[in-house]
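Everything on this sheet refers to the single structure shown next.
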Ligand SMILES: [Zn+2]
């Protein structure tokens, strides 16, 4: 489609629930990069916070699903969706667990087509393992979903987009984490980007690939130091938070200022990292807001809550639980009705 036809935001493709937020799927394109397969590139300037993808899963299966469950979910798809699934990359290591083959043999009988059936199950599983995204639900349930368009996004430890499954609209949303220039590849991170390079390499190795993103290739010790310092701040804050939960007595000024110093340090480091996102910065901002409210500093707490609303809007949009919770937190703090208990 020509760019001129796409000046207006295009509404999400809708197959059910109403989607109040617009998605800009006209600002990027898929390209075949040869060795690295299909990747997604910006074709226009993309402003930080723009919603770029808003997509329903092709399949969604419980975390404990086996090869049989995944294959059944794929086989149940309508023809075009099934075809789309089989088009996706399959790069995972073969599974060592072979129990499912015995079960398949019992249910299907063994004839000359059995090997082909096993191969189809293995391919469905490999596509699932290569492309699945986490889907978390408010009641604590967890599934994994495969999303056709989002599956084209490659990983980077220095991502420029942020993905999250939004259970309120049953879609995976992807937002720009910062301003993106035309020609830049869109990359999301499959893991916590605050880990140092060696830790990230180990985690990604378990996933079956060696990351060659700019952060991993540049052996930048400054960056690693920054990641390490962020990780240290988060560990210290989580420990303090556990202590607060176990002894919910009123805070002394000293306790507040110690915690706030850590929070502000963490936020500063994230800013330096260029990675202000909901999981780390959002967590720090929500702590700052609640700590302020807990100690009667309502004006400061309201400011922190407003910053939290901005981060949730940027990463997740106004139709997310996180954004709504942030708005509600700000409202309760400014009305003086927030209570830690
Ligand atoms: Zn990397």
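Residue numbers (my numbering): 550 to 890. A virtual CB, placed ideally from N, CA and C, is assigned to each residue, including glycine. Since we're looking at a predicted model, the values are computed, not measured.
> Which residues bound the beta strand (DSSP E) around residue 722?
Replying inline: 720-725
> Just curious, the alpha helix (DSSP H) that residue 629 is in, first and last residue?
Replying inline: 628-636
>> Below 7 Å, is the gap between the Cβ of residue 767 and the nearest heavy atom of ligand 1?
In response: no
>> Please tell me whether residue 637 and residue 653 are closer than 8 Å, where the distance is taken between their beta carbons.
In response: no
> Does the distance from the C-beta atom of residue 649 to that of residue 617 stay below 8 Å?
Replying inline: yes
> What residues are listed by DSSP as bridge partners for residue 712?
Replying inline: 723
> Leaving out five residues before and five after residue 774 in sequence, what residues of the same chain have Cβ atoms less than 8 Å from its Cβ?
Replying inline: none
>> What would DSSP say about residue 833, mapped onto helix, strand or coil?
In response: helix
>> Please identify the residue among 608, 639, 645 whose C-alpha is closest to the C-alpha of residue 585.
In response: 639
> Under the DSSP definition of a beta bridge, which residues are partnered with residue 571?
Replying inline: Residue 571 is not bridged to any residue.
> Three-state secondary structure (DSSP) at residue 824?
Replying inline: coil
> Helix, strand or coil for residue 794 per DSSP?
Replying inline: helix
>> Under 7 Å: does the beta carbon of residue 705 sit that close to some heavy atom of ligand 1?
In response: yes
> Where does residue 550 fall in DSSP's three states?
Replying inline: Interpretation of residue 550 is limited by its pLDDT of 34, a score under 50 that renders its predicted location unreliable; the figure taken from the coordinates is listed afterwards. Three-state result, residue 550: coil.
> What residues in its chain sit with their C-beta under 7 Å from that of residue 789, if we drop five residues either side in the sequence?
Replying inline: 808
> What is the DSSP secondary structure of residue 884, counted as helix, strand or coil?
Replying inline: helix
>> Could you check if residue 749 belongs to the surroundings of ligand 1, using beta carbon to heavy atom distance under 7 Å?
In response: yes
> Where does the unbroken alpha helix (DSSP H) through residue 766 begin, and where does it stop?
Replying inline: 763-766
> In terms of residues, what are the limits of the alpha helix (DSSP H) holding residue 739?
Replying inline: Segment: none, residue 739 is in no alpha helix (DSSP H) and carries neither H nor E.
> How should residue 796 be labelled, buried or exposed, when 16 other C-beta atoms within 10 angstroms of its C-beta is the threshold for buried?
Replying inline: exposed
>> Using the three-state DSSP reduction, which class does residue 838 fall into: helix, strand or coil?
In response: helix
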